[in-house]
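One structure below.
Residue numbers (the working numbering), protein chains in the order written: chain W, 11 to 491; chain R, 11 to 453.
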């Protein structure tokens, strides 16, 4: 399908803003103006509508396809949340209003949404305070690490290292490194963090360890109490990567379990859309002793029930976002929490875990499941057996596309060979899961009888497997090259 | 139970297949000692009750005020087709395009977005966007630090103070020196910035139009930076970029922008869109997601995420950044917006906004004691000095339903009487006349 730019016909316009009355040269001196037009496409409104409608049909989304993508929690996004997020009382609100005199009064509704969302997140995760500023999960990690750094600096601790298990999301070590820390990796044992491996690298220079629990293999970190104790002994903090929070709501609060800093992915656990990769939102919660270092501004409620933004926190790390994070995403998550309430959120985790175990059980005779015990909301299977006959995890993933499913996460975590990570989430029905298993079993049977047929997949998608080497070598990243 | 389809029969059957007696059994690995000390949340509400609650909250925000507030975040008209198209579930409920065959819609849209913003800035490369204009500026600075292996960054005080606080936060634990060069009556002090250049300088950072609204040409500074082996970074305003001299024409190596003004609602601070463009030699230093065009086995054109070897999921702590998302939906909004406006529509929006600003400047400076802060040319925003506190004047006008602008004393010492006033195509002459009348009364 040709690009917008190729479809452009000079002179054609989609919308016509009012005509200016002055020539450009009357507004600004020639030397400050651009020499030639920018080259934006010229199209009619219908051209634009049809172009993007056709593009949308070349996409898999949760609305149209089951998306069992491990660690990404691709659950259904309630429609009413989208609807209310567009209310002009929120959508048109300028973020600088609260910085004007009596600005708080102009934004009470928005401030209440922020305040209430923070209270809910505190109760769900057992933390003392939250900041909503981080604009994505990885941004939350960075905010958390900067908060940890400020705590240690304030205490006069000399800390240079952050520990990340080998099963950690790649963002964990990246976040630690860009905040100025040396990253120390430790190997897992039986799929979980090994306290002995931790003991080997733990010293006074360790600022924190970053952990996901349940981890990326879908396993609960059974040694958690011991790990907490070990870290405390050297005044190191424990960071919780909330990517997998969907598994444990109402079953464990990470604050109670000893985590000091937490980020939550609103776009995963609280059902806000992923939008093709963004925007997200990654609020960060901290335990009491880290509260003074949280980013500014902070939202507070006064005794009369009015809400205010405060900036006078001398130990704060400063701004991590220009304003209050992705407010629009926060608003959708808040609506989701109100709608589900206490029982609903517990049911989310229970059914996510139920669905994952059901799927694991239905597949464990055809795919190797290296840690074949009760899992949390996701599990990892291995196509090592199939790969010996030439059908790799990638081929199985592509064959699933032909059946109308988005593929599971493949080749992550790195510690399992030819892995496929499945996360069905709580919103898929038993019928969908059953049909998925039937279709996946068919692919695995075909892998035995006719490996070449699986290797040729996908054939029903708008394009087949794409030449990634060519893309990197020729580097055509705009329509002009 | 909303959004969970499992009936009691389903649950029984699923538990049977698993071989578990109850759902609770599946959580047996979480020891009792780690169970929640409390989970004290209210009960759920119906969809209707939830909506009512949120509508009540929306009504508690000031709505319908006449606003001249900009300061980097602008209220432009968004055509209806933008919302209609962005609401397609295949777009907004999709994930990061890791399986390109099932994500050609997102991928082609990002490719077209890259093309559009690169053209707007006159640059060669663009990524699939970072969180916002501020973090884009931070990432640009870090690109320069990595590329030059130098540690000093020279920033003009005319760059958004909000963004400068952000740069401070991010670099606090790094061995970097941020040098801020004070503004000269609202203008960028190019001579002082040039004087601060040395062999340790990684980059110079300016904004155009600058925070005070002045339109400037940084070409000479950039040439001097280049001679010292430093990179040149511009933070731009994309709507005006349709008519202003491009970052590329000034010799910039990296140009970033807040993409909010391209069809995104103000939304009380986000989600926004970090536009990021560069010259070709810097592309491997660029953070985040980049889409490339290629072919499948049958020679059909298709798109993939490319140059992934720079990214966190491959390189872990050695990655160019920790960014994992790509802001695709916001980028898509801006692309649809740009497509609907087209070349002429975008330039018209810029010109009408500037005309309104000129009209407002003329009306306001006709008031006794009100003067323009700077004598430099401005875009759609300008700073004025008042005979009394801008905060006080603001307060008086807010009570009359007018937000007259942004009091600069909030971020600039000694500028308590200065006010930053912004116009877009949405500010009518009539509203500007009323603003001027109220302001005259308030002064």
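For glycine and all other residues, C-beta sits at the position ideal for the given N, C-alpha and C. These numbers were taken from a predicted model, which means no experiment stands behind them.
Kindly give me the distance between the Cβ atoms of residue 368 of chain W and residue 443 of chain W, rounded to whole angstroms, as I take these residues to be in contact under 8 Å. To locate residue 368 of chain W, count along the first chain from 1; it is residue 358. To locate residue 443 of chain W, count along the first chain from 1; it is residue 433. Right, the Cβ-Cβ distance comes to about 6 Å (below 8 Å), so this counts as a contact.
For the segment 75 to 93 of chain W, which residues have a CB atom closer than 8 Å to at least one CB atom of chain R, in sequence order? The residues in question are 75, 77, 79, 82, 84, 85, 86, 87, 88, 90, 92 and 93.
Taking C-beta pairs closer than 7 Å, name the residues in chain R that residue 35 of chain W reaches, listed in chain order. Position 25 of the first chain, counted from the first residue, corresponds to residue 35 of chain W. From the beta-carbon of residue 35 of chain W, no residue of chain R is found nearer than 7 Å; the closest lies around 11 Å away.
Strictly below 7 Å CB to CB, what residues from chain W border residue 428 of chain R? As a working mapping, residue 428 of chain R is identified with position 418 in the second chain. Going along chain W, no residue has its Cβ under 7 Å from residue 428 of chain R, so there is no contact; the nearest lies around 14 Å.
For residue 432 of chain W, write down the residues that DSSP places opposite it in a beta bridge. Residue mapping note: residue 432 of chain W aligns to position 422 of the first chain, counting from 1. Residue 432 of chain W is bridged by DSSP to W/79 and W/389.
Taking the beta carbon of residue 470 of chain W as the centre, do at least 16 other beta carbons fall within 10 Å, making it buried, or is it exposed? One-based indexing of the first chain puts residue 470 of chain W at position 460. Flag for residue 470 of chain W reads exposed.
Find out if the Cβ-Cβ distance for the pair residue 409 of chain W, residue 94 of chain W is shorter than 8 Å. Looking up residue 409 of chain W in the first chain gives position 399. Looking up residue 94 of chain W in the first chain gives position 84. No, the pair does not count as a contact, with Cβ atoms beyond the cut-off.
Give the straight-line distance between the Cα atoms of residue 505 of chain W and residue 463 of chain W, rounded to the nearest whole angstrom. Outside the modelled stretch of chain W, which goes from 11 to 491, sits residue 505 of chain W, for which no answer is possible.
Any Cβ of chain R within less than 8 Å of the Cβ of residue 374 of chain W? Position 364 of the first chain holds residue 374 of chain W. With a threshold of 8 Å between beta carbons, residue 374 of chain W makes no contact with chain R.
Short check: CB of residue 447 of chain W to CB of residue 380 of chain W, under 8 Å? On the first chain, residue 447 of chain W is found 437 positions in, with the first residue counted as 1. On the first chain, residue 380 of chain W is found 370 positions in, with the first residue counted as 1. Not a contact, by the Cβ cut-off of 8 Å.
Please report the straight-line C-alpha distance between residue 366 of chain R and residue 121 of chain W, rounded to a whole angstrom. Indexing the second chain from 1 puts residue 366 of chain R at position 356. Indexing the first chain from 1 puts residue 121 of chain W at position 111. If you take the alpha carbons of residue 366 of chain R and residue 121 of chain W, they lie about 32 Å apart.
Complete beta strand (DSSP E) runs within the segment 34 to 58 of chain R (minimum length 3 residues, chain order): DSSP runs (the beta strand (DSSP E)) wholly in the segment 34 to 58 of chain R: none.
Give the residues of chain R in contact with residue 262 of chain W, contact being defined as C-beta atoms less than 7 Å apart. What you label residue 262 of chain W is simply residue 252 of the first chain in a count that begins at 1. Within chain R, the residues near residue 262 of chain W are 40, 44, 45 and 46.
Taking CB distances under 8 Å as the criterion, tell me whether residue 304 of chain W reaches chain R. The residue you call residue 304 of chain W lines up with position 294 of the first chain. Closer than 8 Å: no.
To the nearest angstrom, how far is it from the Cα of residue 111 of chain R to the Cα of residue 475 of chain W? Residue numbering aside, residue 111 of chain R sits at position 101 when the second chain is read from its first letter. Residue numbering aside, residue 475 of chain W sits at position 465 when the first chain is read from its first letter. Looking at the two C-alpha atoms, the distance is approximately 7 Å.
Anyone know if the C-beta pair for residue 228 of chain R and residue 216 of chain R falls short of 8 Å? Here residue 228 of chain R corresponds to residue number 218 of the second chain, with the count starting at 1. Here residue 216 of chain R corresponds to residue number 206 of the second chain, with the count starting at 1. With contacts defined by Cβ atoms closer than 8 Å, residue 228 of chain R and residue 216 of chain R form a contacting pair.
Assign residue 220 of chain R to one of three DSSP states: helix, strand, or coil. Locating residue 220 of chain R in the second chain gives position 210, where the first residue counts as 1. Residue 220 of chain R falls in the coil class under three-state DSSP.
So that I know if they touch, is there some Cβ in chain R lying closer than 8 Å to that of residue 431 of chain W? By 1-based counting over the first chain, the position of residue 431 of chain W is 421. Any Cβ of chain R closer than 8 Å to the Cβ of residue 431 of chain W would place that residue at the interface, and such an atom is absent.
Expressed to the nearest angstrom, what Euclidean distance is found between the alpha-carbon atoms of residue 210 of chain R and residue 186 of chain W? Mapped onto the second chain, residue 210 of chain R falls at position 200. Mapped onto the first chain, residue 186 of chain W falls at position 176. Distance between the alpha carbons of residue 210 of chain R and residue 186 of chain W: 26 Å.
Interface residues of chain W around residue 24 of chain R at Cβ under 7 Å? Translated into the one-based positions of the second chain, residue 24 of chain R becomes position 14. Against residue 24 of chain R, the close residues of chain W are 364, 368 and 440, in the order they occur along the chain (beta-carbon pairs closer than 7 Å).
Within 10 angstroms of its Cβ, does residue 374 of chain R collect 16 or more other Cβ (buried), or is it exposed? For the purposes of this step, residue 374 of chain R is taken as the residue at position 364 of the second chain. Burial of residue 374 of chain R is indicated by the presence of at least 16 other C-beta atoms within 10 angstroms of its C-beta.
Give me the chain R residues within the contact set of residue 58 of chain W, using Cβ-Cβ distance strictly less than 7 Å, ordered along the chain. Along the first chain, one-based indexing puts residue 58 of chain W at 48. Within 7 Å Cβ-Cβ: 91, 346, 349 and 350.
If you count every other CB in all the chains shown that lies within 10 Å of the CB of residue 209 of chain W, and 16 or more means buried, which is it? Within the first chain, residue 209 of chain W is the residue found at index 199, counting from 1. Around the beta carbon of residue 209 of chain W, fewer than 16 other beta carbons lie within 10 angstroms, which makes this residue exposed.
Listed in chain order, which residues of the segment 458 to 481 of chain W have Cβ atoms closer than 8 Å to some Cβ of chain R? Residues of the segment 458 to 481 of chain W with a Cβ closer than 8 Å to any Cβ of chain R, in chain order: 468, 471, 472, 473, 474, 475, 476, 477, 478, 480 and 481.
Taking only runs that begin and end inside the segment 306 to 392 of chain W, name each unbroken beta strand (DSSP E) of 3 or more residues, in chain order. List check, beta strand (DSSP E) in window: 308 to 311, 317 to 320 and 389 to 392.
Would DSSP call residue 404 of chain R helix, strand or coil? One-based indexing of the second chain puts residue 404 of chain R at position 394. In the structure shown, residue 404 of chain R sits in a helix (DSSP, three-state: H, G or I).
Less than 8 Å between C-beta atoms, sequence neighbours within five positions excluded: which residues of the same chain meet that for residue 48 of chain W? As a working note, residue 48 of chain W is residue 38 in the first chain. For residue 48 of chain W, where only same-chain residues beyond five positions count, there are no Cβ hits under 8 Å.
Determine whether the beta carbon atoms of residue 399 of chain R and residue 427 of chain R lie at a separation below 8 Å. To locate residue 399 of chain R, count along the second chain from 1; it is residue 389. To locate residue 427 of chain R, count along the second chain from 1; it is residue 417. In contact: residue 399 of chain R and residue 427 of chain R (Cβ atoms closer than 8 Å).
Output yes if chain R places a C-beta closer than 8 Å to the C-beta of residue 177 of chain W; else output no. The count along the first chain starts at 1 and reaches residue 177 of chain W at position 167. Residue 177 of chain W does not count as touching chain R.
Between residue 169 of chain W and residue 239 of chain W, how many whole angstroms is the CB-CB distance? I'm expecting something under 8 Å. The sequence position of residue 169 of chain W within the first chain is 159, counting from 1. The sequence position of residue 239 of chain W within the first chain is 229, counting from 1. In fact, because the Cβ distance is near 19 Å, the residues do not count as touching under 8 Å.
Distance CB(residue 334 of chain W)-CB(residue 110 of chain W) smaller than 8 Å: In the first chain, counting from the first residue as 1, residue 334 of chain W sits at position 324. In the first chain, counting from the first residue as 1, residue 110 of chain W sits at position 100. Not closer than 8 Å, so no.
Restricting to Cα atoms, I'd like to know which of R/129, R/15 and R/218 is closest to residue 169 of chain R. Translated into positions along the second chain, residue 169 of chain R becomes position 159. Looking at R/129, R/15 and R/218, the one whose alpha-carbon comes closest to that of residue 169 of chain R is R/218.
Rounded to whole angstroms, what's the CA-CA distance from residue 266 of chain R to residue 236 of chain W? Just pull it up for me. Position 256 of the second chain, counting from 1, holds the residue named residue 266 of chain R. Position 226 of the first chain, counting from 1, holds the residue named residue 236 of chain W. If I take the Cα positions, the gap works out to 47 Å.
Rounded to whole angstroms, what is the Cα-Cα separation between residue 65 of chain W and residue 51 of chain W? Position 55 of the first chain, counted from the first residue, corresponds to residue 65 of chain W. Position 41 of the first chain, counted from the first residue, corresponds to residue 51 of chain W. Their Cα atoms are separated by approximately 17 Å.
Anyone know if the C-beta pair for residue 441 of chain W and residue 362 of chain W falls short of 8 Å? Within the first chain, the letter at position 431 stands for residue 441 of chain W. Within the first chain, the letter at position 352 stands for residue 362 of chain W. No, they are not a contact pair.
Cβ of residue 118 of chain R less than 8 Å from any chain W Cβ? Residue numbering aside, residue 118 of chain R sits at position 108 when the second chain is read from its first letter. At least one C-beta of chain W is nearer than 8 Å to the C-beta of residue 118 of chain R.
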